[in-house]
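Chains as they are written, first to last, in our numbering: chain A, 1 to 317; chain B, 318 to 634; chain C, 635 to 1271; chain D, 1272 to 1908.
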Ligand SMILES: Cc1ncc(C[n+]2csc(CCOP(=O)(O)OP(=O)(O)O)c2C)c(N)n1
Ligand SMILES: Cc1ncc(C[n+]2csc(CCOP(=O)(O)OP(=O)(O)O)c2C)c(N)n1
Ligand code: SF4
Ligand code: SF4
Ligand SMILES: [Mg+2]
Ligand SMILES: [Mg+2]
């Protein structure tokens, strides 16, 4: 297996600060890809803009480094046009939960089969350390001239409220644990979020590796923890959501990582489309032939049949 | 009181479809304004774009009819520049939860003291009846060529997840009940959401007045219902949030209206600013004098003192 | 003597079926081989505000413009009678609801105060009173208009009794009264009217029956009272199949033929109808044979619309999005990403009245310069504009071809006039259709130099082809990885921009601008929907002894500078007149920028209503003969 | 002989304190009355990539441009030595870490492959080997550069021992080594160096002490070894107070003086520093007297930034937002709302390299045409651009004045060069500062015709004034209620656009474009940061016998057409050369569009690095004497 990981590495120098948590995330992704034996040519890593969003350049698979906040809609277009591709999104907390919050919410309503990896470092790294949407009120990281006066958004709660069907949290420095989460998320059919706590060694002097040490615990080690909706009954969903929600609010001396909530029973967006239009499943729209030697696949006769409703046969009498 | 309501009416013709639920919302607002005896000149109704967003023109108070999805940030600028103003936002479900979802989430993180009235008709009215973000999966309202394949967003759950401190639901045709909710929301210090179920008689043939009849019930009439956080303890907040969340998921034979959640203990954004900068409270920045006869309030001497750090006294030796 | 050409107007409140009347008439007329063009004017409102259909019918040609006054008008309500008092020709015909006679103009809540006050002013001038009755009398006595008063109430009561329906249900048949009465005066035969009804209500048997019943009854009665004063001469148009479609439909058809596979959109007037059209044609199955399918994706906003379309394009799906001004304003950032990443995407842009929300349901051509320079930084794009349904159809296909051939975003400009008008047009000519995917590659392998610098246009293996590629909005190397090296920067920057030079060489200038006519008295310079009115105005002016020509601009980037400059020079600054639906004369500014030729004569209209031939003719005369520099047109309610 | 003018370069990895070195030197120099200008070049990266400070020092004038080669260079790492091998003047001085001698250019992971390969090519050409040592030898032997090799390791070890610190802590003092060594060679006195240190580390006593210790020790040693070969002549600049500030700071100061009360922003390079500056000055309290306060609002995105700024403006607060390309691209829709609603708002726009994410930390002037036409529909806006810190200061104030006087959005263009450079400038002249709030009203009552049509500019009672007003992005009547009446449409449309004509009359053309020099051999046409290099190039060219002039464009809307046309005509097409940081020559296109004058000579640079005087001089010669049409500049790493 180990050698396989090399298959997912590029020779681009990672210009992250030495010690940055992002290194751990990339390592976990590469390991997960290797263990899932993903074909790099059929895998796409899509990102926004930020330190974290440089990720695709360091992973040997198709990479689409998009715009600040817009990784999710780019990824959605890619996935819907060719559902055979494995699509993973990487973005910062500013990217996905600040400027991109609208898309973050919308994709949950669709359950498109993509995995979203949130690099949660509580700051805007690449623009030099401003407060990101996950920094809590009155906290003051290094670069702030005054304490933060916005409340933090809770990615786990927001994802659940928005309809994500797989919601987990990992820690950038627990590479193997994170790797397992990534594998589970990619295997899951539907929109998956992994909120990754990611120390920013340069700008975040509050949420450091030291801070996390001793505080983090694994949900899967809690007795009786079962985040999976087994029967798609309202009652079970309610209960699982309520428990996930409660865990989502936990932050302080004890901080949970692991899987918070999984509902495998919700149709993906792709399945919904296919239900309405079975053709969709047969061949990805991206790969359909639309012409032969420049002649359109739709002939004049086809046109007349397709748009029959719009055509009047002139009858002069 | 009754005559007072006239004070809040304009002579602009409401070009909504006869029977549209929006009439009820405007009536409730006018009554609420009258009972609160708001000064129309110190009140601002801010809206987005849509049928619902025409509201400001029909209310005799300052009106700012902005852009699709952007009412909240416009309103935030108005409120922060002059906190003495009472600011109410009206928007459609497409407006606030589709294109505007990012702002909807962000304002919750600030708890700016404004009231958001969501006209929830499950369709994009003004663009002729497409599915809005509150239409549920597989539902097919009149204008849709095929059933809706996106899940609905739950405004109550999303507001709670985003940090709103007052969250309620009203019904457009229960004008007096809605009026009370509006009064409570305006009186509340912090960001308030009222999700108003609003029949669209032209495009929504599913969620009609008939549909709602018999299904709606008032939370305040439930024995023991108390949505208010009395002590700002994590435990009480958790409990109140969990109960509100549970009610938020209720939809079908019984649909709750009334107040879901209130937490009066969270500082408003205005209070947070004032904490850091007490000057902010003394005189709204909008009303500060910045010049006298064209001469800036900051003199050359002031400049030298203010920017002392940037100035070097040349010492030629 | 039967007529060759006729203009008519149908008016009523939004939601009262005026469009339906127009559609049925159009089908009936097309069935007999007439050419029809109709413009729909309506408020940004769902029910209640005044709306109308303005139609030109021709027995000898496919109409391409509108003008006033009209020969025939049919109004269901008092507001229409008031609003269009001055739009009816002397000697023309007016059908109206006599039940509205006592209604006063001051008592119509749906009428905007500005409109009312303006009309009242004119009424005072002309000595007209405030009621419908007063207006009718004026029209009859002063203008010689032939009046056909109908009692809508009696007619609908008759229907209610026969079919046992509520008043609300019966109200829906107001549109039937109008089209039937019009059909009567136009001398349309019963079969063609039935054809129109059946076509409109396909599959709804009961509705068809009721409409037929009411229509035939009305036609009979009216014809017995008034004859067929507006009978048309038989059509001499030599076409056996006519497509009846709006501009929105035609673009949708073009996209389907051109191989569109992914269309994203966020609802907006006047673009959404195109996406709805596509939604109804997602499965391309002909006689059981699967030709493919389209995915129409309704997004959460326009940013997601363009982002997802670009994403789909990366995988090889021909992709587009359709929008209007406010939506495009939100797409600007991602447009630049597509430019930087040499990614094909088509933005079908239906211009409406701006700025901001502006006049959402009215027409305009005020977004040209915006589209030419939208987004920060510099990158190649193609901007083309269609002036009639034929152009719109082929342009929809070519836009996708250009996007893939040059690996650039393409903006296809249309305007609301074209989008929401209904046309009768011939079936497209397959000889003119080609699909060109440029250097798109579906099978490849290994790490691929997606941005190979050796030629401006690099091979483009799609994601999923087997190749591995990287994309980034940052300046990048040949593999698509970020680099800030200054020399690579220059090379990549120039590589991208050179694609425009190639397009400028490859796309013939004659396809990018077209000169109509050869008269030397003046040259009209226009674009988009101006075309029809300009061409028809040329003919009228020629009759008046003024011989001119019309230069129709079709592509703004790359701009056909050499050809245009030559033509403009041959007229000289004094004789070139820009005709546009905006205040800045944007196409003329684009022309100056590209050619250095400064245009100093203008005919501009920015009321949101189309340019009518008669006002254009008048304006040209004022400029060419009267020496005016600029005429602002304002006709039309 | 003491020097009058000197260029220096400080290089090292991002995060290693090169900026600190530059700041301390600047303060020390300013203390003795020298003029300093320094440009900062850095990657879009937080730690590790190569960054450098390029500085000009003058004893007789405030410097306004940069050029190569430099007389003095100080590098902390091998990458800098490699990168700047060819930037040092023969006979110049180089300080470097001798510990890097064996490092090979092929072994530097932070160096981009493109840069490495390019340098290797040049090394081959010049016969230079692959190690630092090889480069040093080349410089010393072939170029006569004086080498000051220092052992950073020994120096830092000495410091570690004395202060008992970790290696990591000691690394921070690499910047001290550089500025101290430079101060030594420049002959700066110990007091001024101490002054620089104290100013930079204000309040951090321990850090000050350590810096002073290390600096004085190094200065002493180096001076004893090398003397003061680069000693400057005493300053003859007649100013007793010098402001040391970046372009970002200066704009912030202008906004504060101009009465800004609300600034919204979303973080973006190179704009965010302005907002951070304002955040540190939210309370305007002088000697206990409250002068007011500013609210700086960090939003969730740029759409919210402009929307909230417009909202604040409606209440009477002077409001602005600051951004760069990607952010502005998102503001486009709301810009149109402000235009439609005649609402004042200022957008301070720092241009960086595009398109898309482009080169986020590099400079450019490629967004001009975008800002001129951004947003759908037509509305008045003012677009102005600053070329140096003085202009930036007064423009920041005037932008707010124009916004309120004409009730329009104002776009104030700057570029990264200006934004991130550090300048020494005189205290502004209060005689040139006026605050003009136009027709803003703070006390009013009743329903108010906010859009009174009787004059193009209507009185503007703010929300909260006591008046009741309505605003809408739809076309509206005088009260701000929606109306689609065509005649009202025309009147309102023209009312808005007429404000531009008024601005065009009121704002003197001489303020909008400025002609420097009167030589008739050529005319440079430029804008923004081009100014300094152009003016200095004129002087150099004059010495070479070429007499030219520079026309500096300051406002693009309303464009000073009459004046510019006259000046251009006086030169003729052959002698006008556009000098710009973009590929399209955007200001020249704007000029053609407004004047019809077609420009055909270009000097363009789009590497993201500033235009240097020596390359500009050369390019002008190639055009004027060599007959070339266009020169693309590429100097600088
Ligand atoms: C539209 C837009 N606005 C602003 C920026 C500037 N910007 C670059 S990265 C970034 C934030 C990065 O923060 P985050 O998303 O948390 O990622 P991190 O760097 O922390 O990994 C911002 C605001 C941009 N590129 N585009
Ligand atoms: C940026 C932008 N996109 C699209 C539109 C078109 N548009 C006008 S109203 C509307 C939706 C209205 O739906 P909703 O917000 O639910 O309000 P409703 O009409 O149902 O009250 C849309 C999409 C617009 N005005 N601006
Ligand atoms: S700034 Fe923070 S997030 Fe960015 S690379 Fe450095 S440590 Fe990582
Ligand atoms: S379309 Fe629906 S929401 Fe809009 S006015 Fe009509 S009934 Fe109301
Ligand atoms: Mg972050
Ligand atoms: Mg709605």
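For each residue, glycine too, the CB sits at the ideal point set by N, CA and C.
May I have the straight-line CA-CA distance separating residue i from residue j, to the nearest angstrom?
i	j	result
residue 528 of chain B	residue 338 of chain B	14 Å
residue 1414 of chain D	residue 1325 of chain D	20 Å
residue 1107 of chain C	residue 1262 of chain C	50 Å
residue 1046 of chain C	residue 1513 of chain D	54 Å
residue 141 of chain A	residue 1580 of chain D	26 Å
residue 1758 of chain D	residue 1752 of chain D	15 Å
residue 1 of chain A	residue 7 of chain A	Caution applies to residue 1 of chain A, whose pLDDT of 45 falls short of 50 and renders its modelled position unreliable; the value that the coordinates give is listed next. Computed Cα separation, rounded: 11 Å.
Interface residues of chain D around residue i at Cβ under 8 Å?
i	result
residue 69 of chain A	1572
Who are the neighbours of residue i on chain A, taking C-beta pairs under 8 Å?
i	result
residue 1320 of chain D	15
residue 590 of chain B	149
residue 1096 of chain C	286
Taking all protein chains shown into account, decide if residue i is buried (16 or more other Cβ within 10 angstroms of its Cβ) or exposed.
i	result
residue 1611 of chain D	buried
residue 234 of chain A	exposed
residue 1079 of chain C	exposed
Under 8 Å by Cβ, that's how I've got residue i and residue j pegged, so tell me the actual separation to the nearest angstrom.
i	j	result
residue 535 of chain B	residue 544 of chain B	That pair is no contact at about 12 Å.
residue 1635 of chain D	residue 1879 of chain D	6 Å
residue 785 of chain C	residue 708 of chain C	Going by Cβ atoms, the distance from residue 785 of chain C to residue 708 of chain C rounds to 14 Å, so no, they are not a contact pair.
residue 1908 of chain D	residue 1338 of chain D	With a Cβ gap of about 15 Å, residue 1908 of chain D and residue 1338 of chain D do not count as contacting.
Quick one: which chain B residues come within Cβ less than 9 Å of residue i?
i	result
residue 246 of chain A	555, 559
residue 133 of chain A	422, 423, 426
Which chain C residues sit within Cβ distance under 9 Å of residue i?
i	result
residue 418 of chain B	934, 935
residue 305 of chain A	920, 921
Anything in chain D within Cβ reach of residue i, meaning under 7 Å, just list it in chain order.
i	result
residue 677 of chain C	1755
Along chain D, in chain order, which residues have C-beta atoms closer than 9 Å to that of residue i?
i	result
residue 992 of chain C	1607, 1611, 1647, 1648, 1744, 1745, 1746
Who are the neighbours of residue i on chain C, taking C-beta pairs under 8 Å?
i	result
residue 1945 of chain D	In the structure displayed, chain D extends from 1272 to 1908; residue 1945 of chain D sits before or after that span and is not available.
query: On the three-pair Cβ rule with 8 Å, is the segment 1528–1535 of chain D touching the segment 638–656 of chain C?
result: no
- prompt: Taking contact to mean at least 3 C-beta pairs separated by less than 8 Å, is the segment 910–927 of chain C in contact with the segment 48–67 of chain A?
  reply: no
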